[in-house]
Amino acid sequence: MLKNKVIELEQKVADLEAALEKVQNDNKIWDRIFTESYWGMMICDAVSLELLKVNPSYEQMHGYETAELLGRTVYDLFAPECRKDVLDIITSIHDNGHSAYTTVHLKKDGSRFPVHTDSFEFLLEGRRLISVSVWDISEFERTQKELTLYREHLEELVKSRTNDLERANEQLQIEMIRKETAEKELAKADQVLVNTLNSISDGFIAVNYQWVITYANKAIIRALEKRGLDGRLVGSIFGTAHWQNDRMLWNSCQKVMEEGQSKRFELYSDLMGHWLEFSIYPTENGISIFIRTIDEQKKLEKVVEEEHLRLYTLFNAFPGLIYVIEEGYKIRFANYKFKEQFGECEGQLCYTVAAGLNDPCSDCDIPSIGKYTLRSGNECLYNHRLYEVFTQPYTDVDGTKLYFKVLMDITDRKNADREYFRLERLNLVGEMAAGIAHEVRNPLTTVRGFLQLLSTRDNVQQYSDYFKIMIEELDRANLIITDFLSLAREKTVDFTSVNLEKIAKSLMPLLGADALNQDKDINLELEPVPDIKGDENELRQLLLNLARNGFEAMQSGGVLLVKTFEFGNYVVLQVADQGGGIDPLVLERIGTPFLTTKDRGTGLGLAICQNIAVKHDAVMEFDTDSLGTRVSVKFNLKNNEVE
42 MLKNKVIELE
52 QKVADLEAAL
62 EKVQNDNKIW
72 DRIFTESYWG
82 MMICDAVSLE
92 LLKVNPSYEQ
102 MHGYETAELL
112 GRTVYDLFAP
122 ECRKDVLDII
132 TSIHDNGHSA
142 YTTVHLKKDG
152 SRFPVHTDSF
162 EFLLEGRRLI
172 SVSVWDISEF
182 ERTQKELTLY
192 REHLEELVKS
202 RTNDLERANE
212 QLQIEMIRKE
222 TAEKELAKAD
232 QVLVNTLNSI
242 SDGFIAVNYQ
252 WVITYANKAI
262 IRALEKRGLD
272 GRLVGSIFGT
282 AHWQNDRMLW
292 NSCQKVMEEG
302 QSKRFELYSD
312 LMGHWLEFSI
322 YPTENGISIF
332 IRTIDEQKKL
342 EKVVEEEHLR
352 LYTLFNAFPG
362 LIYVIEEGYK
372 IRFANYKFKE
382 QFGECEGQLC
392 YTVAAGLNDP
402 CSDCDIPSIG
412 KYTLRSGNEC
422 LYNHRLYEVF
432 TQPYTDVDGT
442 KLYFKVLMDI
452 TDRKNADREY
462 FRLERLNLVG
472 EMAAGIAHEV
482 RNPLTTVRGF
492 LQLLSTRDNV
502 QQYSDYFKIM
512 IEELDRANLI
522 ITDFLSLARE
532 KTVDFTSVNL
542 EKIAKSLMPL
552 LGADALNQDK
562 DINLELEPVP
572 DIKGDENELR
582 QLLLNLARNG
592 FEAMQSGGVL
602 LVKTFEFGNY
612 VVLQVADQGG
622 GIDPLVLERI
632 GTPFLTTKDR
642 GTGLGLAICQ
652 NIAVKHDAVM
662 EFDTDSLGTR
672 VSVKFNLKNN
682 EVE
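If you want it as structure tokens, here you go:
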């Protein structure tokens, strides 16, 4: 029995908890409705009229914060002239439980606004409370006033329109008479138009929205009959007419009919046996089609196209780089040579394509060139190649100002000029050497001999250091004369079969000793290479000079690399050091006699090397940066084939 009562009690507790949870959920819903309502809502005491709770919309409507409103009375929010109605409103709410009314409220800033309120009274824990919903009807009243004014204006407008209609009716009678007259004139104009269309040589067809041909002029009828076809077109369906197989024409007519945009195109008509130009226009009733024979125009276009082809063929065969640019620096045309050098470029900016710049070149001649002035002789460097630029302005057939530009690659010519001047200087040095070397050498030998003799005497031993310096300077002068003579030799040398790998190996003891004395190292990477024609002594001198230059360019601990290898049609002798590189200004003049960066250098070592390279039809190339210099001497196998 007790157990049953316990179970019954637990069930009641569970029911009460469920009811409590439902009430809490309901309270949350009502609280959310109160908080998020678009209407301003507030709850006040029914006796004291003190505001107890307000929602955010009510606060915003009156311009107050919550703390400023709570504790105020309803009287504080009514306009002064409306406060006398408060008691009657409260009484009505109490007697009826509900009241809806319109009044005027005050905002915090003192401004007034009309509101519509809906209030009802309820009891909570024995306390009488009033819930008030407030709606700002300022916009509504303004709309009502505008509506009233609109109605008044509409009444006046109806009266005015009635008078206008009466006058319009009178005018209509006059216009009807005019219309009859205009129709007669229009009929005459239509006949004139028909006569005009029949007189033109172009064909003309009118088609309505049902694709029925409503008109065809005599030109198209005669053209069809001339081809043995039926010329009775009017009344027939356009899609089943003779040219139904011309799909381009049919599709274009459909597009114009649907989109209302005119269209013009050309095609060869098997039906008519001619090239035809079709011009299709939208009309109020459908479309109109003009058909013109353009056989002569096509022949002329073909001639122009052939001329263009010949011109482009000529431009592409021209050894220079040709391109045409507009005033905005945009490339309109470029020949094959230009594209081969810079790639596809039509439509791109010339200074971006050729020079890789974002702005026009500072020395560009386009802004300053005259109307028909040929500008030439300007030199530009693009992609490490030097070009001479020729610019000719001209006006295109459409009136566009264009510039015809030609770039002539003069890199090899400039290099040849520099080589010519270098050889001239070498020739001058050779002539000087041949003229004075022997005359100077003899007295130097005599002076050196006497200095050596004097340095052995006891009474001048205190000057032995001076004698040593003088003898060293004489030896240095003798070395310079020896180099002069080396440049001056013009004797014919009988080249024999030599091998650069073997020459390098034979010099290894000598070069290794030089490296050891200077606290440096030398590595050999010698690949087997074919024999070439050459003078072994001169090639030994070439390698020695390059190796010693490399040693002198490096600090202690540096490594000199000597390589031989075959590359394409060349046998290459390469010497690479780990020095600080060659200054670009010096590199441009390298090989010039007497040009040296050494304190005690003669400036003839590289000149002699280049002279030896020229004798062997070889090319010396220098590759230098801050990590060192690599000198490559390339011997052409085709020019050095050993019999």
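Heads up, the final residue of the sequence shown is numbered 684 in our numbering, and it's a clean run with no missing numbers.
Beta carbons are placed, not taken as given, at the ideal position from N, Cα and C, and that holds for glycine.
Predicted model only: the values in this text are computed from it and were never measured.
Using beta-carbon positions only, say whether residue i and residue j come within less than 8 angstroms of one another.
| i | j | result |
| --- | --- | --- |
| I332 | V248 | no |
| V672 | L583 | no |
| T107 | V88 | no |
| L541 | L580 | yes |
| I563 | V603 | yes |
| F161 | H139 | yes |
| M313 | R268 | yes |
| V156 | I178 | yes |
| F27 | V660 | Missing from the structure shown is residue 27; the chain here goes from 42 to 684 and no further. |
| V115 | C85 | yes |
| I512 | Q493 | yes |
| I573 | V613 | no |
| L118 | L147 | yes |
| R113 | L93 | no |
| S174 | M102 | no |
| L585 | L548 | yes |
| A545 | L515 | no |
| F374 | E387 | yes |
| T432 | K446 | yes |
Closest to residue i by C-alpha separation, out of the options, would be which residue?
| i | options | result |
| --- | --- | --- |
| F75 | K675, Y99, F359 and Y353 | Y99 |
| Q302 | H315, I330, L312 and W316 | I330 |
| S320 | N326, E307 and D311 | E307 |
| N610 | N677, T497, L147 and V616 | N677 |
| E662 | K656, E182, G361 and Q615 | Q615 |
| N424 | F379, S403 and N578 | F379 |
| N578 | E348, H657 and Q251 | H657 |
| D437 | E368, N236 and R459 | E368 |
| S322 | K343, D311 and M298 | Note on identity: in this sequence residue 322 is Tyr, with Ser being the wrong assignment. Closest option to Y322, Cα to Cα, is M298. |
| G536 | L552, D576 and N500 | In the sequence as displayed, the identity of residue 536 is Phe instead of Gly. Out of L552, D576 and N500, D576 has the C-alpha closest to the C-alpha of F536. |
| L551 | L567, E566 and R589 | R589 |
| N236 | A260, R202, E221 and L213 | A260 |
What are the boundary residues of the beta strand (DSSP E) that residue i is part of?
| i | result |
| --- | --- |
| M82 | G81 to D86 |
| D449 | Here residue 449 is Met; the residue named in the question, Asp, does not match the sequence. Per DSSP, M449 belongs to the beta strand (DSSP E) from K442 to D450. |
| P155 | R153 to L165 |
| Q615 | Y611 to A617 |
| R263 | Here R263 belongs to no beta strand (DSSP E); instead the alpha helix (DSSP H) covers K259 to K267. |
| E429 | R426 to T436 |
| M661 | A659 to D666 |
From which residue to which residue does the alpha helix (DSSP H) around residue i run?
| i | result |
| --- | --- |
| Q389 | Unbroken run through Q389: none, as it is neither H nor E. |
| T132 | V127 to N137 |
| V297 | R288 to E300 |
| L110 | T107 to L110 |
Once the 5 residues before and after residue i are set aside, which same chain residues still bring their CB inside 6 angstroms of it?
| i | result |
| --- | --- |
| N376 | F356, N357 and I363 |
| I366 | I372, C391 and Y444 |
| S277 | I254 |
| W316 | Y309, I335, D336 and K339 |
| A594 | D618 and G620 |
| G599 | K561 and Q619 |
| G591 | L601, V616 and D618 |
Within the same chain, show all residues whose beta-carbon is closer than 8 angstroms to that of residue i, passing over the 5 residues directly before and after it, in chain order.
| i | result |
| --- | --- |
| E420 | L427, Y428, E429, V430 and I451 |
| V47 | none |
| E193 | none |
| T665 | G622, I623, L628 and R671 |
| F279 | I246, V248, W252, V253, I254 and C294 |
Skipping 5 residues on each side, what residues in its chain have a beta carbon closer than 7 angstroms to that of residue i?
| i | result |
| --- | --- |
| L238 | F245 and N258 |
| G669 | A617, D618, Q619, G620 and G622 |
| E398 | Per the sequence presented here, residue 398 reads as Leu, with Glu not at that position. Only Y392 meet the Cβ criterion. |
| I130 | S140 and Y142 |
| V275 | I254, T255, Y256 and A257 |
| R169 | A87, V88 and E162 |
| D159 | A141 and S174 |
| K532 | Per-residue confidence for K532 stands at a pLDDT of 49, beneath the threshold of 50, marking its modelled position as unreliable; no derived number is given. |
From the beta carbon of residue i, is the nearest beta carbon of chain B less than 8 angstroms away?
| i | result |
| --- | --- |
| S89 | Included in the structure is just one protein chain, with no chain B present. |
Ranges of the alpha helix (DSSP H) found wholly within the segment 319–388, counting only runs of at least 4: Here the runs fully enclosed are 336–358 and 377–383.
So within the segment 545–578, which uninterrupted alpha helix (DSSP H) runs reach at least 4 residues, ignoring any that extend past its ends? The qualifying runs are 549–558.
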